[in-house]
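Working notes, structure below.
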Amino acid sequence: MARLTTMPSRLAVPKPRLGTVVGDTKAQERERAQLKPWRAWYNLKRWQKLRRLVFARAGYVCQQTGVALVGKEPAPNAPVCDHILEHKGDPALFWDADNLQAVSKAWHDSEKQKQERARHA
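The opening residue of the sequence shown carries number 1 in the UniProt record's numbering; numbering runs sequentially from there.
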């Protein structure tokens, strides 16, 4: 006698309507890459070389707080190469060494973000 099998569900799991699911970092990264394709520039060797030049120019000292930039990510004293003026995908502003400053991760993740949020409000 043949075994009875259950039929697969015809209902699919619905996609979220308000964006990505919390904790789904891969989906968030894909969405971010589609909205801001210039983010790929941060992975280029040209960018890595430019940021090292900016850190050397600053003497590995935060240009906002004076803290020595000797930490490794995610340490608060890790060096971050920050765009002084937001480039918003403009290649001229993105690659302009005079528009870059060496700052600490702590300053970049707190004060700089406050400034940018205030500008966008």
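All C-beta atoms in this analysis are idealised placements derived from N, C-alpha and C, irrespective of residue type, glycine included.
Grab me the residues of residue i's own chain with a C-beta within less than 6 Å of its C-beta, minus the 5 sequence neighbours each way, in chain order.
{"i": "V80", "result": "V103, K105, H108"}
{"i": "W38", "result": "G89"}
Tell me the residue span of the beta strand (DSSP E) that contains residue i.
{"i": "V80", "result": "79–83"}
{"i": "A102", "result": "100–104"}
Quick one: residues in its chain with C-beta nearer than 7 Å to the C-beta of residue i, no 5 flanking neighbours on either side, listed in chain order?
{"i": "N99", "result": "H83, I84, L85, L93"}
What number of angstroms, rounded off, separates the C-alpha of residue i from the C-alpha of residue j?
{"i": "Q64", "j": "Q101", "result": "9 Å"}
{"i": "R52", "j": "R10", "result": "54 Å"}
{"i": "Q113", "j": "L69", "result": "19 Å"}
{"i": "G71", "j": "V61", "result": "11 Å"}
{"i": "Y59", "j": "G66", "result": "The sequence shown places Gly at residue 59, not Tyr. Straight-line Cα distance between these residues: approximately 10 Å."}
Terminal residues of the continuous alpha helix (DSSP H) containing residue i?
{"i": "E29", "result": "25–35"}
{"i": "R39", "result": "Where R39 is concerned, there is no enclosing alpha helix (DSSP H), given that its DSSP letter is neither H nor E."}
Helix, strand or coil: how does DSSP classify residue i here?
{"i": "A2", "result": "coil"}
{"i": "V13", "result": "coil"}
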